[in-house]
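When you line the sequence shown up against this note's numbering, it's residues 232 to 1292, in that order.
Even glycine gets a Cβ: it sits at the ideal position worked out from N, Cα and C.
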Amino acid sequence: MKVMSTMTPIQIASSVIEKLQEENRIALETLHKSQSNIKSLERQLIEKEQLIKILQDRLRAGSNSFLEMSNRQKEITIKHLELQIQKLLKENKELEQQISALQSDICARCETKYFSVPAEKKVAPKSITKKPVTKSAPGKSTSKSEAENREKMLERIIEHKDKRIHHLSKEVQRLSQTEKELTNKIYRLTKLIPLSHMPSEILTECLLKEIQSLESQIQLYKGEHGKLPYVSDATKFKTFDSHPSLSVKGTGITTSNSSVYSKKVSEKIGSNTKRKDTSFNDVGNVQHENATLVSNLHKLYSDVSELKQLFASENEKLYQNISKDSLQNDILRIQWKEIIIRLSDIAESIQNIITINPNFKKNEPAISSESENIILRLQDRLRDSLELATQYENENVILKENIAKLKDELAQKKENQTFQSQRSQSSDERISSKTAQRPTHDVDDVQQLKSLLNLKQKQLDAAENHLGTCQNFIEELQRKPLDSDCIPLKKDASTCTDYQVGELPIRSLMTKLEVAEKNIKTCEGVIEGMQKVIQNLEEENIRLESDLHMAKFKKALSEANSNHTVSLKSQLRDAEDEMSAINNENKELKTKVYSLETENSSLQNNLAHVNEELASLKAANEEKSLLQSKLEIAEKRVESLETNIAQEQNSVEKLRQENTELKTQLQSIERENLLSKAYEDDVMSLRNSLILKEDEIRNLKESLQAFEHKAYEMNHYRKTLRQEIEKLCDILLENSESSKTAASRKAIYKAAVLRSAQALLHLDDNYNLQAENDEKCDALEEMKHQVSVYLTEVSRIHELLTIKEQQREDLLKQYLDMNGQADVPGFESSHELHFQEEAPISGIQSIPAANSSSSSRGTTLASSESGIHSADKNIQTDQSQAKHGILNCSQSEAVLKSVQEELETSKSITTYLLSKCSQLEDLLEKERTDHAKCEKEIEMLKNTIKDLKNQVSVKSNVAKRLNTLIEMMRSKECNDEITVEQLKSEIKWLVDENQKVFEKITASQAELFRCKEENSMIQNDLDSLKRQLINEKYEHAKVNNELKHLRVQISNSQSSTLNDV
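See below:
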């Protein structure tokens, strides 16, 4: 009961302290997480603000200068990355070679290879071809070739063994240097980072790749060196049968890498024997080195994060130095002012948490703008926060160590008390004799265990000596090829000249190799057995160590039990004598117990308060978890905003491309509009020219109609004149009796003919004047006037002809009466019929000619020409008839002469008229060709007008589309501006939430400070309680000493009484 009453408050206090430490650790972890989340959110905010700035700059002032500088930066980064990639590729190749050397069973650095090619496929050496041909059997030649091949194979195997042994001797040094190389690489990593203007993302990716490669190497190093010395792999000790590449066909030899493996095993066994006493210390050192490597890696990660921030600040400096335009500077100033205001708000909330390090500014260059100073201050404050967190962790570690020390001191004090009690009780001989028997048994057990360990160590030494002898034997075998009795390494032809001479050394070599193989196999069996023995010994060592621990524990229990039994026996012996004293002491102890119970109640009350505070801390942790969930939601929102920004950037780029395309289209459309305007001007000019040509064509058509009408009238006049001439001729022939009448008729006829000829000549003159002059209207009026004159003369001639017909009839009657001829009436009738038939035919031909189109005008002219030719023929027939009549009538000769003269004049007139008609036909053909050309041109112009109209319609449609696209672009720009404003509002909201989170963190930190103060109070209480316990223990020890003295006195008094008795 006393022990339970003394131990309960310490256990309670220790449990409370452990709980508080765990809660402090959890709170610190949450603080670190929240700080990391805050940092990530701040970085995301900075990146988003930079993106918004870039987008606004590009939208407002263009992106030419920024793109050029970004391209330059990208080129610089590409160069740096290429250099780093080359370095990293070299290092990767070296590491891959190392890994392949470790993983592969075959050595990668040995130049020789295993030869599994049969002897039949190999070509004989040149030394054999140069030998003289001897009369030997075919079996001897084959045996010689086989022997030579065997010699070569043996030489190559021996060379490979030598190189393998040399390489294995170097591998130990290489493995010892791997740790140094890793540390050097870690140091090199810090210098690999160039002080260039690389973007942080690419740089971090490169560094993370290098760090991952280093971690993989460290893990491999841990796998190689971090194993315990008693671990053994059965797969490493492979025999020659498992390597088919080392088997030689046609021979009974089987070689292996047993020497290599035996050497490795011997090295491991030697290391095990050397490290047997200090194995646990070595394992601790290896673990400590691994821990230092991991800590170095964590430092590298932190350095990488700091370098990210430095490079981001340097990139911002460059961007500020590059942007020299006035508009961009104004925009940047406005944006920087907004950012400064936001950051000042954030800084005010952070100042309650973090202290500023003023000495940090000395190592950094002077920065011109206010924004960069604020960013650097934030970085300093965040670093200080990390330092505070590390300080908190160190303080917790120190507290744990102090508690462990106090526990150790308490345990030591307890042990000292036990030792003092044992010394005080050693006076009793009986008890000491009884207690001495049991430790003797324990000592015997320990001695037996030590003897077993010595035997096992001797066995291990014997195994090591055996392995050393095996290694020496193998080395002697390897040295023997260098002697003169063995096979030479050089390939001389003299050694292979004769089969009998070279057969003996080959056999000796074969026997030696067989002996070596047997020895190697025995060594392998011995090694496997030794490995099993070593494993068994290690297991027995572990078991014995556990037995030692159990024996020690049992010894301690036996000592405690013996002490307890001694104390019980002494209490039983002295119970009656010490009841009164014990009762008094019990009373005192009860009072002390009552005081301790009151103290326990106070401690329980304190524990209740602590539990309440723990509940409040748990509530605070729940609030922190809620805040973390909110932060995660905010991060998700930020990611969604980043995706939206990326989409908007893509849309902006698309819109820019569309703008460029639309600009090009607008330029092409403007050019086409200019061309269309030029075409329209040309079309208007062509239309005007068409209108003029149409007017000319109309005038020409009218003139053609007038000419056709004129030709028709001329034909009619010709026919009427011919008829009248024929009639006059008939009249003149018939009226030849009266000379007077004939003279008068001739005079009348001549006058009429002369008038008609004058009229025709006058018409011809007027026609020539019309052709020469351009004024066609006047010529037509004159033609009309002359035609009217001509008609009047024709009417007059007709009247004269009627008079002449009457006179002819009278003359015919007289002629018939005079001559009495019967043939004259037939002549008259035939002549009259001829003229009667000709007149209607010519009239019928002339009428359709006037009403027909321009295509039938040539036919009318042809008909007129045929009519003139027929008239000429009729005139000729008339002449012949007239001559025949003149022969009969001598009186009419004079009349015939006059008629001939008139005919000649008529012929001249007809020829003149025919020439005019031909000229008119030529003019008509020319006019027709011109008309056709004009019609073709009109059709071409109509087609061009249609094409132009189509083009104009297409261009108008394109212009409408462009207008719609421009409107869409404007609407998209408005939407983009709206989205940007929304993003700004969301960013402000996130900043406000961050400020709230900062406030909550400050509150949580205040609570943590309060908890620390309470912990310090509790620790002070614990110290006071410990002091009280120490005082109570000291008093308890005094009481025990007094009891012992009393017991001694009682025993002395009893002994004295017994002696007296």
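T951 has its alpha-carbon roughly 21 Å from the corresponding atom of E1040. Taking all protein chains shown into account, H840 has fewer than 16 neighbouring C-beta atoms within 10 Å of its C-beta and is therefore exposed.
For the pair A937 and S1187, the Cα-to-Cα distance works out to about 50 Å. Check the Cα spacing between L637 and each of V1279, S1284, K1275 and L1253: the tightest is with L1253. Between the segment 1239-1256 and the segment 246-256, the count of C-beta pairs closer than 8 Å reaches three or more; the two stretches touch.
At a Cβ-Cβ threshold of 8 Å, I243 and L838 count as neighbours. Between the alpha carbons of I773 and Y1265 lies a gap of roughly 42 Å. Taking a C-beta distance under 8 Å as the contact criterion, L1193 and L886 do not qualify as a contact pair. In terms of Cα proximity to I1034, the closest of L1047, D1048, K1044 and K958 is K958. In this structure, the CA atom of K1269 is about 10 Å from the CA atom of E1263.
Note that the C-beta distance between V1189 and I269 is not below 8 Å. Cβ-Cβ separation between I1197 and L282: approximately 27 Å, too far for a contact (criterion under 8 Å). Here Q315 is buried, its C-beta having at least 16 other C-beta atoms within 10 Å. I1218 is not a Cβ neighbour of N852, given a cutoff of 8 Å. Taking 8 Å as the upper bound for CB-CB distance, L858 and K1231 are in contact here, some 6 Å apart.
Only residues of its own chain outside the window of five on either side were considered, and among them H1162 and C1165 have a CB closer than 8 Å to the CB of I928, listed in chain order.
Counting C-beta atoms within 10 angstroms of its own C-beta, Y825 has fewer than 16 neighbours from the protein chains shown and is therefore classed as exposed. The C-beta distance from L1221 to L276 rounds to 7 Å, short enough to fall under 8 Å. One alpha carbon belongs to T1136, the other to Q1038, and they sit about 25 Å apart. By the criterion of at least three beta-carbon pairs nearer than 8 Å, the segment 1199-1217 is in contact with the segment 866-883. By the neighbour-count definition (other C-beta atoms within 10 Å, threshold 16), N842 is an exposed residue. Nearest C-alpha to Q1236 among S245, V247 and L259: L259. Here I864 is exposed: its Cβ has fewer than 16 other Cβ atoms, across all protein chains shown, within 10 Å. The residues L917 and L921, in chain order, have a CB closer than 7 Å to that of L1172 in the same chain once the five nearest residues on each side in sequence are set aside. CA-CA distance, E640 to L768, rounds to 38 Å. The distance from the Cβ of L935 to that of L1155 is about 7 Å, consistent with a contact at the 8 Å cut-off. Straight through space, the alpha carbons of K821 and N836 are spaced by roughly 22 Å. Nearest neighbour of L1031 by Cα position, chosen from I1176, E955, L1042 and K1044, turns out to be E955. Between L872 and L1256, the C-beta gap is not smaller than 8 Å, which leaves the two residues out of contact. C-alpha of K394 to C-alpha of Q317: approximately 32 Å in a straight line.
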